[in-house]
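In my numbering, each residue carries its 1-based index in the sequence shown increased by 82.
Idealized CB from N, CA, C, for every residue including glycine.
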Amino acid sequence: MKTLKPVLCTLALGSMSAFASANTLQSESQSFLEDTSWSFDFRYRTESVDKDNNLDTALANTLKSRLTIKTGTAYGFSGLVEGDNTLHITDDFNSTENNQAEYQKVVDPETTQINQAYVQYSNAGNTIKLGNQRILLDNQRHVGGVGFRQDEATFDAVSISSTYFDNTKLFFAVANNRNTIKNENTEEDIILLNAQHNYSDSLKATAFYYSIETESGSNLDTFGLRSTGVLSNKASYEAEIATQDDETNTTLYYHLAGSYKLGAIKATLGLETLGSDDGDASFKTPLGTNHKFFGWSDTYLGAPDGNGLQDIYVSAVSKLAGVKLVGQFHSFSSVEDSTDLGTEFGFLAAKKFKNYGLSFKLAQFFAGDTGVDTTKLWLTATAKF
Numbered sequence: 083m084k085t086l087k088p089v090l091c092t093l094a095l096g097s098m099s100a101f102a103s104a105n106t107l108q109s110e111s112q113s114f115l116e117d118t119s120w121s122f123d124f125r126y127r128t129e130s131v132d133k134d135n136n137l138d139t140a141l142a143n144t145l146k147s148r149l150t151i152k153t154g155t156a157y158g159f160s161g162l163v164e165g166d167n168t169l170h171i172t173d174d175f176n177s178t179e180n181n182q183a184e185y186q187k188v189v190d191p192e193t194t195q196i197n198q199a200y201v202q203y204s205n206a207g208n209t210i211k212l213g214n215q216r217i218l219l220d221n222q223r224h225v226g227g228v229g230f231r232q233d234e235a236t237f238d239a240v241s242i243s244s245t246y247f248d249n250t251k252l253f254f255a256v257a258n259n260r261n262t263i264k265n266e267n268t269e270e271d272i273i274l275l276n277a278q279h280n281y282s283d284s285l286k287a288t289a290f291y292y293s294i295e296t297e298s299g300s301n302l303d304t305f306g307l308r309s310t311g312v313l314s315n316k317a318s319y320e321a322e323i324a325t326q327d328d329e330t331n332t333t334l335y336y337h338l339a340g341s342y343k344l345g346a347i348k349a350t351l352g353l354e355t356l357g358s359d360d361g362d363a364s365f366k367t368p369l370g371t372n373h374k375f376f377g378w379s380d381t382y383l384g385a386p387d388g389n390g391l392q393d394i395y396v397s398a399v400s401k402l403a404g405v406k407l408v409g410q411f412h413s414f415s416s417v418e419d420s421t422d423l424g425t426e427f428g429f430l431a432a433k434k435f436k437n438y439g440l441s442f443k444l445a446q447f448f449a450g451d452t453g454v455d456t457t458k459l460w461l462t463a464t465a466k467f
């Protein structure tokens with residue numbers, strides 16, 4: 083009988099291990115299913131665009147509907163599927179795809195598509211994500227999703243993000259396709275590298291490198307440094323510089339801004355510049371959420387030509403009776419020859435009610451030596467369940 087004891091112990095341990103593994107598998111599977119969730123998002127928008135040219139004033143009424151399904155986690159693995167539909171309630175505008183070229187543009191084409199679909203593995207502060215995904219880096223100046231439009235921009239990519247090291251965020255991604263706000267697939271070889279370290283409240287530093295190679299073989303490489311911080315309970319700052327190279331030109335980008343709280347109002351003064359290479363080329367941000375910058379009228383989603391673009395701006399943000407209020411003013415000029423490129427005023431009022439939201443937004447552009455006067459209005463209602 084002595085010789086059977088090791089065998090019996092081994093069998094017992096094996097049975098216990100198998101039983102534990104079976105229980106673990108059952109527990110993980112149960113968690114994966116029970117923690118799966120879904121949500122619905124709706125955004126109805128009325129947008130008016132009026133320009134001082136020969137095109138008719140656009141009046142767009144569109145509805146974006148989104149269903150997001152997020153699985154639970156099993157052994158560190160999880161997934162997400164997100165589907166979007168954009169519906170035209172009225173069609174008195176040029177979506178770029180609806181054969182209404184006599185109207186001003188409102189780039190919200192009618193579409194039904196998968197906005198995101200990915201699997202990911204997470205462990206010890208590290209996450210690997212594979213599939214169609216949203217990528218938003220820093221303030222989205224260089225890489226973003228243009229979430230303001232009804233059809234969001236996403237990437238077909240493999241990404242790795244890490245918060246393993248204290249006060250540090252690392253991000254790396256390789257993408258071979260960009261899904262644009264026009265529901266177009268743009269085949270590009272994209273490399274995104276972003277490293278951020280939080281030294282203190284007054285210094286959060288970021289270094290980044292972004293590379294784009296188009297299907298035709300042209301290259302655009304961007305290197306940059308960014309710093310943000312809170313200097314006191316009233317003052318904060320933002321500073322960024324980047325250099326960009328293509329096959330023949332080198333351009334510079336810089337952005338300096340300081341904010342100060344005056345009672346309930348946060349006031350900001352800033353200078354942002356898309357530099358020029360002697361008038362031959364301007365700094366570009368093809369992956370950025372450009373609607374956030376250089377005014378909401380989208381007159382300048384980038385520099386209008388090779389002479390660069392400079393924006394001196396002021397803004398004020400406050401809240402009154404739960405309503406967020408934003409006012410901004412921009413003064414534009416070219417970098418190379420200081421051409422007057424116009425001015426712009428913007429105003430936003432937005433209110434959230436638990437799962438609902440309402441907003442009114444205005445952008446008024448006044449032409450300088452070039453361009454046309456432009457007025458844009460948005461009325462937006464949102465709901466999330």
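Continuous beta strand (DSSP E) stretch holding residue i: start and end
| i | result |
| --- | --- |
| residue 240 | 236-244 |
| residue 281 | 270-282 |
| residue 410 | 405-415 |
| residue 439 | 438-448 |
| residue 474 | Only positions 83 to 467 of the chain appear in this structure, which leaves residue 474 out of reach. |
| residue 434 | 422-435 |
| residue 311 | 301-312 |
| residue 292 | 285-296 |
| residue 203 | 193-205 |
| residue 354 | 347-356 |
| residue 381 | Per DSSP, residue 381 belongs to no beta strand (DSSP E) and is neither H nor E. |
| residue 418 | No beta strand (DSSP E) contains residue 418, which DSSP labels as neither H nor E. |
Helix, strand or coil at residue i according to DSSP, with G and I counted as helix
| i | result |
| --- | --- |
| residue 115 | helix |
| residue 170 | strand |
| residue 24 | Nothing can be reported for residue 24: it is not among the residues displayed for the chain, which extend from 83 to 467. |
| residue 231 | coil |
| residue 86 | Because the pLDDT of residue 86 is 38, which lies under 50, any placement of that residue in the model is unreliable, and the question is left without a value. |
| residue 157 | coil |
| residue 188 | coil |
| residue 367 | coil |
| residue 216 | coil |
| residue 542 | This structure leaves residue 542 out entirely; the chain is present only between 83 and 467. |
| residue 253 | strand |
| residue 122 | strand |
| residue 223 | coil |
| residue 182 | coil |
| residue 138 | strand |
| residue 458 | strand |
| residue 389 | coil |
| residue 266 | coil |
| residue 149 | strand |
| residue 329 | coil |
Local Cβ density within 10 Å of residue i, reported as buried at 16 or more and exposed below that
| i | result |
| --- | --- |
| residue 205 | exposed |
| residue 157 | exposed |
| residue 378 | buried |
| residue 292 | buried |
| residue 171 | exposed |
| residue 473 | Nothing about residue 473 can be reported from this structure: the residues present for the chain run from 83 to 467 only. |
| residue 100 | Interpretation of residue 100 is limited by its pLDDT of 45, a score under 50 that renders its predicted location unreliable; the figure taken from the coordinates is listed afterwards. When all chains shown are included, residue 100 counts as exposed. |
| residue 282 | exposed |
| residue 250 | exposed |
| residue 460 | buried |
| residue 364 | buried |
| residue 220 | buried |
Option in the options with minimal Cα separation from residue i
| i | options | result |
| --- | --- | --- |
| residue 306 | 380, 274 and 318 | 274 |
| residue 248 | 279, 153 and 301 | 279 |
| residue 434 | 228, 466 and 459 | 466 |
| residue 178 | 196, 262, 221 and 365 | 262 |
| residue 35 | 146, 370, 408 and 123 | Because the chain in this structure spans residues 83 to 467, residue 35 falls outside the shown range and cannot be described. |
| residue 313 | 342, 198 and 337 | 342 |
| residue 148 | 168, 445, 134 and 217 | 168 |
| residue 396 | 267, 269 and 427 | 427 |
| residue 449 | 125, 112, 135 and 166 | 135 |
| residue 300 | 269, 215, 458 and 202 | 269 |
Any non-hydrogen atom of the ligand GDP within 8 Å of residue i CB
| i | result |
| --- | --- |
| residue 116 | No copy of the ligand GDP appears in this structure; indeed no ligand is present at all. |
For the pair the segment 243-260 and the segment 356-364, tell me if three or more CB-CB distances fall below 8 Å.
no
Mind the definition here: the segment 324-332 touches the segment 248-268 only if three or more C-beta pairs lie below 8 Å; say whether that holds. no
Any contact of the segment 407-418 with the segment 435-442, i.e. 3+ C-beta pairs under 8 Å? no
Any contact between the segment 378-388 and the segment 295-315? By contact I mean 3 or more CB pairs, one from each, below 8 Å. no
Quiz item: Does the segment 138-154 touch the segment 111-130, meaning 3 or more C-beta pairs lie closer than 8 Å?
Solution: yes
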